[in-house]
Every structure is written in structure tokens, then in C-alpha cells.
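S.K.: Sending over a structure as C-alpha cells; questions will come in a sec.
Protein chains: 2
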Amino acid sequence: MKTLRDIGEDALIDRLIGLVPRDANPAAGPGDDCAVIDQGGSTLLLLKTDALVEHVHFLPTAPAHAVGWKAAARVVSDFAAMGGKPEHFLITLALPPETTVDWVENLYRGFGGCLEKFGGFLAGGETSGVPAGSAAVISIAATGSVSRENLVLRSTVKPGDILFVTGTLGGSIHGKHLDFTPRIREAEWLVTHFKPSAMMDLSDGLGKDLARLAAASACGFRIERENLPLTPGCTADQAIGDGEDFELLFTIHESLVGNLQAAWPFTDTPLTRIGKMEEAGNGETLEGGWEHFQASHQ
Amino acid sequence: MKTLRDIGEDALIDRLIGLVPRDANPAAGPGDDCAVIDQGGSTLLLLKTDALVEHVHFLPTAPAHAVGWKAAARVVSDFAAMGGKPEHFLITLALPPETTVDWVENLYRGFGGCLEKFGGFLAGGETSGVPAGSAAVISIAATGSVSRENLVLRSTVKPGDILFVTGTLGGSIHGKHLDFTPRIREAEWLVTHFKPSAMMDLSDGLGKDLARLAAASACGFRIERENLPLTPGCTADQAIGDGEDFELLFTIHESLVGNLQAAWPFTDTPLTRIGKMEEAGNGETLEGGWEHFQASHQ
Chain X
1 MKTLRDIGED ALIDRLIGLV PRDANPAAGP GDDCAVIDQG GSTLLLLKTD
51 ALVEHVHFLP TAPAHAVGWK AAARVVSDFA AMGGKPEHFL ITLALPPETT
101 VDWVENLYRG FGGCLEKFGG FLAGGETSGV PAGSAAVISI AATGSVSREN
151 LVLRSTVKPG DILFVTGTLG GSIHGKHLDF TPRIREAEWL VTHFKPSAMM
201 DLSDGLGKDL ARLAAASACG FRIERENLPL TPGCTADQAI GDGEDFELLF
251 TIHESLVGNL QAAWPFTDTP LTRIGKMEEA GNGETLEGGW EHFQASHQ
Chain B
1 MKTLRDIGED ALIDRLIGLV PRDANPAAGP GDDCAVIDQG GSTLLLLKTD
51 ALVEHVHFLP TAPAHAVGWK AAARVVSDFA AMGGKPEHFL ITLALPPETT
101 VDWVENLYRG FGGCLEKFGG FLAGGETSGV PAGSAAVISI AATGSVSREN
151 LVLRSTVKPG DILFVTGTLG GSIHGKHLDF TPRIREAEWL VTHFKPSAMM
201 DLSDGLGKDL ARLAAASACG FRIERENLPL TPGCTADQAI GDGEDFELLF
251 TIHESLVGNL QAAWPFTDTP LTRIGKMEEA GNGETLEGGW EHFQASHQ
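Protein chains in written order, with full-length UniProt numbering: chain X, 1 to 298; chain B, 1 to 298.
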């Protein structure tokens, strides 16, 4: 009988989607950074859930404060990727009974520090035990909001659009994965001044995530490998495959590239053109990126 | 250093609440069945998160279909307890890689069956691996809605109000905990015809949950033990302590009792008067109810 290890995350999700009732007219299809709920007003409701698992997303030796920051910042990053902002958070903790109160309090302090900096409120939560020896699981659910005209999806790229990333890629395992800055300031500026034709945040690595962006838009792509903004000490393969960069990957029409580069106001956040979208069937494929359930990069 | 086993769930939550930014003017305080978000319109947004942990909330031998039903029904029950209804669901699965695809598909089918019956759509989700041997965790987040005039909180009981429960109590471990019917139909009728002064659903057992209701309203209570609607084969102690009944516990003004009992239209759902609310400091205390992290009834 097939296991999750055999088929991986994306194939699993494809099989599950048809088994549960869905909105007849969703504002965004499954597979974007957030679910988008159209309540009829000028502001759209964003919904996001995201989990951190001990030994998978953080080690038992990681400072609890940093784990809490990461738990909040990953979700803030997803709202940024849609052009939106965070609103209300729910924290679900499934923890072994031997967890110290001190550890949980520091987790909350880190979580709260991220919300203080980037916005959002804690609205509630849930705690449960897990059997002694089981991995701790921290599951975050949150609402966000985005004005209708600022919403950016993954599925709206056109061939010929130019690919950009913020920041540098690769090597997040050396620390950035725990204390990264979600690019909400940059995303807000982009949707206001140079609205991307598509955008997402890089969580599983450029290799895997760019393939998802291209598939959502039924496009191909070609990377300018020599232009990838490498984190110092990293190779291009690491920039493509490491994952947990939490940078913005976005596309804009070719005619806007020069103006965007000239106007970019964030001197501490690099902006780099890394390639171009192509017609479906053209372009290249990339190896690398994090594969859930197979517990390895591929 | 103190651990979660030492202090238990309620004391933990009390310590955590001050560590994270919260709404200055929340529509409901922490500790109700759902968070309530006032977006300014005639309909309030409800938010709920709830987790099922293998070995804690279900055994590895439980049918996946039933686990999926339970995951959805627990959340539907919480919306019912506020007078509301379910809207959009997010499923987070943290599963060991040896989990079979078949198991996950059946989980989704059970989840979907509950949504088809009681309303709500799947809006998205997240999957992650956990280390081999770790307990599976299924975390559900959902939005619900309630019209402003139908909202029922825990914190609004008055001394003298009469306590009711739906259904029967105790013995859920023999099967009901996996295939219960969330009382959304009964709750909708109640808020329309005899709006309760307070309401909640019974998840951790009458002993623990009634104490929470009373504390939220700064009241005492007195149970008419001889009137408890016992599940056949159960004692009063089991009805108070077993937990996972997922029945409605609610209060109404004494003057409405006769009319409520005469009008109750659900012949397949017992309605039972079980006691009375008292001034704070009066009344009794109850032993029993499920204590998270201490993995035992107390």
C-alpha cells in the first residue's frame, strides 16, 4: 500500500482536493500562499495555516524565542506574498508533557515579538499533549486582509514576464531560517507601485517553488543562473535547493523592469532579476527543493 | 523547572495570554469556544482551532474516516456553541512518512462527510512530515459566522439561571467520541426561540467545563445530580468526568423553563434540566474532567 513517503506532498494534495466540499466560486484556487475569501466588500479575507514540527522545522536545541518568531514570521510572509497583511492569529500547541513552562513562555514571547513588529493580534488557541517522546507540533492559523485591487496570485503570470527575487538565496539552515524578516514592507510597496503579475514566497526552495508558480500559470521559465543572488558561501545549487529563504519571488511585465529597478527604495533588501517566464513547454526544469514526507532534498 | 505536566492546561493559558499582542476591544475574551471578530457588519466572524493527536484523541486503530469526521465535528460543535455556523476550514496534517495514502484519503472523506451534512467548505491546508514513530497530529482551523443578535458567550450567566444539557452524558469512549452529532440544529433553534444566557459545548467533561462557564461569568452553580441524563451503563461520576460528550451546556432565565421544555422540537435529542447557577462563592465544586498534559482524568 502506498505511503506518503512514496508519493510526496504535491501529489498527495492533488488526490485529496476532490474529497471535501469546496467553494463553487473561490477567489483563489488551492495551492496559492493563502486561501482568499470574497465576502463581497472592498477587502478580501485571507486564511492561512502553517505548522512547525520539531526535528523537521526546528531542532530541540533551537531557542524557543526563535521558534516562536519563525512560527509567526512564516505566516506573515505568506500574507505578504498575496499583497496583504496579517490580522488575527490562533496558536495550536501539541507538546509532550515534559516540555517546560519556561520554553512555552519564550515561544510566545518570540511569537509576540513578530506580531508587534509586523502587525496582527492573537485571537485564541488550543493546547494538547502529545505522548512523551513524540515531536512537538506548533500549528498556526491566521486571518489576513488584502484590498481587492492589491491581491496578487500565483496563477496570473504571462510568458515574457520577468522574474525577480528579494534578498539572497541559500544557506538558511545556518540561521536565517529561524530569524528571517518577512518581506511585508517590500510586498506592500510592490503592490502599490509596481503590482507584480504574480508573486509567492520561497519556502521550499526556488527549484520547487518556481515550478509551482509556473505550473499555476501554465507557463515555462528560464533562470539566469549566473544572476542568482547567492547568500555568501553558497553555490547556485544551494540557492535553488536549500529552501526556507522566505524571500519574495515575483514577476512583472518586461516594460516595467527598468523603472522598478530605478525606484526600488529598500537599500537593505537586494532586488535581483533572475530569469524570464516562457510559453508552456519551453524553458527548463530545476532540480532541488524540500520534499515533505521524504525528509530529504531532491 | 516546571513542566506542562506540573501546571496543566488552564494555568498554562493564563500565563501565556499576556505575552502576545491582543485586540484592544475583542468581541469575546479568551477562553470562549471560539474567538469572535467584529468586522463592523451585522455578521460576526468566528475563529476556531482544534487539534486531534494520535494516542490522545484517537487510537492508531480508529478508522480514518471516523477520525476525519471527529476532526470536523468538534469544530462544528464549537460554532454551534456560539450560536453560529461553520464557513471555511483549513486542515493541517503532521503525519509520519509511513502513513498510507489510503488512510489520509479516508480521513478526508470523513471530514468531507461532516461538512456536507453540517455546512462549511475546505479552503486550504498544509501537510508536513513528523519523525517516524511520532504521533500524528491533525490540526483544524476554521472560520464561522454568527449574526450579531444570535451570539451567545460563556461569560453572560446570571445567578438563578437554569442549567440544561442536550443528549446524554458519559461513556463517549465506547464510540460516541468518534461519531457524535454536533448540535448545530439544536443550537440554531435555541438562539432563535429561547436565546440562552450562556452556552458552551462539553468537550472536557461537565466537571471541568461547567466550572469554566461559571468562572467566565463569576458565578457558582449547583447540580441536580439525580437529574443528570446518563448514557445507558454510565454512573453520575462518569457523566461528570468522562469528557468528549460534545453536547450543549446552556443556561436560560428561570421564567422561560416551562415554555422551553414544552416547545423543544427535537424528539431524538433529550433536553434535561441539570441544575442552577448561584452567586459566586455559593454552590458546589465538581471533581473530574479531562486534564491535558497530565494525561489522566482528575
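For every residue, glycine included, the Cβ atom is placed at its ideal position computed from N, Cα and C.
(1) At 8 Å on the CB atoms, spell out the chain B contacts of residue 244 (chain X), in chain order.
(2) Compare the Cα-Cα distances from residue 174 (chain X) to each of X:139, X:125, X:245 and X:220 and report the closest residue.
(3) Considering only DSSP beta bridges, list what residue 50 (chain B) is partnered with.
(4) Name the chain X residues whose beta carbon is nearer than 9 Å to that of residue 130 (chain B)?
(5) Using beta carbons (cut-off 7 Å, strictly below), is residue 168 (chain X) in contact with chain B?
(6) Thinking C-alpha only, which one of B:104, B:197 and B:264 is nearest residue 153 (chain B)?
(7) On the three-state DSSP scale, how would you describe residue 174 (chain B)?
(8) Give the list of continuous alpha helix (DSSP H) stretches no shorter than 4 residues that lie fully inside the UniProt domain "PurM-like N-terminal" (31-146) of chain B.
(9) If we count Cβ pairs, one from each stretch, closer than 8 Å, do we get three or more for the segment 157-164 of chain X versus the segment 48-64 of chain X?
(10) Look up residue 220 (chain B) in the DSSP assignment and give the residues it is bridged to.
(11) Taking Cβ-Cβ distances below 9 Å as the criterion, which residues of the segment 160-187 of chain B are in contact with chain X?
(12) Excluding five sequence neighbours on each side, which residues of the same chain lie with their C-beta closer than 8 Å to the C-beta of residue 284 (chain X)?
(13) Looking only at its own chain, which residues have a Cβ that is under 7 Å from the Cβ of residue 14 (chain X), when we skip the five neighbours before and after it?
(14) Ignore the nearest five residues each way along the sequence and tell me which others in residue 71 (chain X)'s own chain have a CB closer than 7 Å to its CB.
(15) Restricting to Cα atoms, I'd like to know which of B:120, B:105 and B:265 is closest to residue 190 (chain B).
(16) I'd like to know whether the C-beta of residue 94 (chain X) is nearer than 7 Å to at least one C-beta of chain B.
(17) Sorted by chain position, which residues of the same chain lie with C-beta nearer than 8 Å to residue 54 (chain B)'s C-beta, five sequence neighbours on each side aside?
(18) Is there contact here, the segment 86-95 of chain B with the segment 111-128 of chain B, by at least three beta-carbon pairs under 8 Å?
(19) Give me whichever residues DSSP pairs with residue 201 (chain X) in a beta bridge.
(20) Report the three-state DSSP secondary structure of residue 230 (chain X) (helix, strand or coil).
(21) Within 10 angstroms of its Cβ, does residue 148 (chain X) collect 16 or more other Cβ (buried), or is it exposed?
(22) Taking the alpha-carbon positions, what's the residue 242 (chain X) to residue 204 (chain X) distance?
(23) At a Cβ cut of 7 Å, what residues of the segment 102-114 of chain X count as close to chain A, listed as they run along the chain?
(24) Residues in its own chain within less than 7 Å of residue 275 (chain X) by CB, not counting five upstream and five downstream?
(25) Quick one: what does DSSP say residue 162 (chain B) is sitting in, helix, strand or coil?
(26) Please name the residue or residues paired with residue 273 (chain B) in a DSSP beta bridge.
(27) For residue 33 (chain X), decide whether its Cβ has a neighbour in chain B, counting only Cβ atoms nearer than 7 Å.
(28) Ignore the nearest five residues each way along the sequence and tell me which others in residue 194 (chain B)'s own chain have a CB closer than 8 Å to its CB.
(29) Is the beta carbon of residue 228 (chain B) less than 7 Å from the beta carbon of residue 239 (chain B)?
(30) Check whether the Cβ atoms of residue 234 (chain X) and residue 170 (chain X) lie closer than 7 Å to each other.
(31) Excluding the five sequence neighbours on either side, which residues of its own chain have a C-beta within less than 8 Å of the C-beta of residue 145 (chain B), listed in chain order?
(32) Name the chain B residues whose beta carbon is nearer than 8 Å to that of residue 83 (chain X)?
(33) Contact defined as beta carbons within less than 8 Å: I believe residue 271 (chain B) pairs with residue 166 (chain B). What is the distance between those atoms, to the nearest angstrom?
(34) Buried or exposed: residue 99 (chain B), going by 16 or more other Cβ atoms within 10 Å of its Cβ?
M.R.: Taking the structure as given:
(1) Taking the first sequence and counting its residues from 1, the one referred to as residue 244 (chain X) is at position 244. Ordered by position in chain B, no residue passes the 8 Å Cβ test against residue 244 (chain X), which lies about 13 Å from the chain.
(2) The sequence position of residue 174 (chain X) within the first sequence is 174, counting from 1. If we check each option's Cα against that of residue 174 (chain X), X:245 comes out closest.
(3) Within the second sequence, the letter at position 50 stands for residue 50 (chain B). In DSSP, residue 50 (chain B) forms a bridge with B:140.
(4) Here the question's residue 130 (chain B) lines up with position 130 in the second sequence. The contacting residues are 53, 54, 55, 56, 134, 135 and 137.
(5) What you label residue 168 (chain X) is simply residue 168 of the first sequence in a count that begins at 1. False, the Cβ-Cβ gap to chain B never drops below 7 Å.
(6) In the second sequence, residue 153 (chain B) corresponds to position 153, counting from 1. Closest option to residue 153 (chain B), Cα to Cα, is B:197.
(7) Against the second sequence, residue 174 (chain B) aligns to sequence position 174. Looking at residue 174 (chain B) - three-state DSSP - the assignment turns out to be helix.
(8) 64-81 and 101-118
(9) Cβ pair count under 8 Å is below three, so no.
(10) Locating residue 220 (chain B) in the second sequence gives position 220, where the first residue counts as 1. Bridge partners of residue 220 (chain B): B:278.
(11) none
(12) As a first step, residue 284 (chain X) must be located in the first sequence, where it is residue number 284. Cβ within range, chain order: 220, 221, 222 and 223.
(13) Taking the first residue of the first sequence as position 1, residue 14 (chain X) is located at position 14. The answer is none, since no qualifying residue turns up.
(14) If you number the first sequence from 1, residue 71 (chain X) lands on position 71. Once the five neighbours on either side are set aside, the close Cβ partners of residue 71 (chain X) are 52, 111, 138 and 140.
(15) As a first step, residue 190 (chain B) must be located in the second sequence, where it is residue number 190. For the residues B:120, B:105 and B:265, the minimum Cα distance to residue 190 (chain B) belongs to B:265.
(16) As a working note, residue 94 (chain X) is residue 94 in the first sequence. It does; some Cβ of chain B falls within 7 Å.
(17) Position 54 of the second sequence, counting from 1, holds the residue named residue 54 (chain B). Only 60, 135, 136 and 137 meet the Cβ criterion.
(18) yes
(19) In the first sequence, residue 201 (chain X) corresponds to position 201, counting from 1. Paired residues: X:248.
(20) For the purposes of this step, residue 230 (chain X) is taken as residue 230 along the first sequence, with counting starting at 1. Strand, per DSSP.
(21) Sequence index remark: in the first sequence, residue 148 (chain X) carries index 148 (1-based). Residue environment analysis places residue 148 (chain X) among the exposed positions, since fewer than 16 neighbouring C-beta atoms fall within 10 angstroms of its C-beta.
(22) For the purposes of this step, residue 242 (chain X) is taken as the residue at position 242 of the first sequence. For the purposes of this step, residue 204 (chain X) is taken as the residue at position 204 of the first sequence. Approximately 7 Å between the Cα atoms of the pair.
(23) In the structure shown, chain A cannot be found, because the protein chains are X and B.
(24) Within the first sequence, residue 275 (chain X) is the residue found at index 275, counting from 1. Result list for residue 275 (chain X): 163, 221, 222, 223 and 224, in chain order.
(25) Within the second sequence, numbered from 1, the residue matching residue 162 (chain B) stands at position 162. If DSSP states are grouped into helix, strand and coil, residue 162 (chain B) belongs with the strands.
(26) Position 273 of the second sequence, counting from 1, holds the residue named residue 273 (chain B). Per DSSP, B:164.
(27) Position 33 of the first sequence, counting from 1, holds the residue named residue 33 (chain X). No, residue 33 (chain X) does not count as interfacial toward chain B.
(28) Within the second sequence, residue 194 (chain B) is the residue found at index 194, counting from 1. Here the set comprises 252, 256, 259, 260 and 263.
(29) Position 228 of the second sequence, counted from the first residue, corresponds to residue 228 (chain B). Position 239 of the second sequence, counted from the first residue, corresponds to residue 239 (chain B). Annotated as proximal: residue 228 (chain B) and residue 239 (chain B), with beta-carbon spacing under 7 Å.
(30) Taking the first sequence and counting its residues from 1, the one referred to as residue 234 (chain X) is at position 234. Taking the first sequence and counting its residues from 1, the one referred to as residue 170 (chain X) is at position 170. The Cβ-Cβ distance between residue 234 (chain X) and residue 170 (chain X) falls below 7 Å.
(31) As a working mapping, residue 145 (chain B) is identified with position 145 in the second sequence. Contacts found: 43, 44, 45, 46, 84, 85 and 87.
(32) Position 83 of the first sequence, counted from the first residue, corresponds to residue 83 (chain X). The contacting residues do not exist; residue 83 (chain X) stays about 17 Å from chain B at best.
(33) Within the second sequence, residue 271 (chain B) is the residue found at index 271, counting from 1. Within the second sequence, residue 166 (chain B) is the residue found at index 166, counting from 1. Between residue 166 (chain B) and residue 271 (chain B) the Cβ distance is about 6 Å, and since that is below 8 Å, they are a contact.
(34) As a position in the second sequence, residue 99 (chain B) is number 99, starting the count at 1. Looking at its Cβ environment, which holds 16 or more other Cβ atoms inside 10 Å, residue 99 (chain B) is buried.
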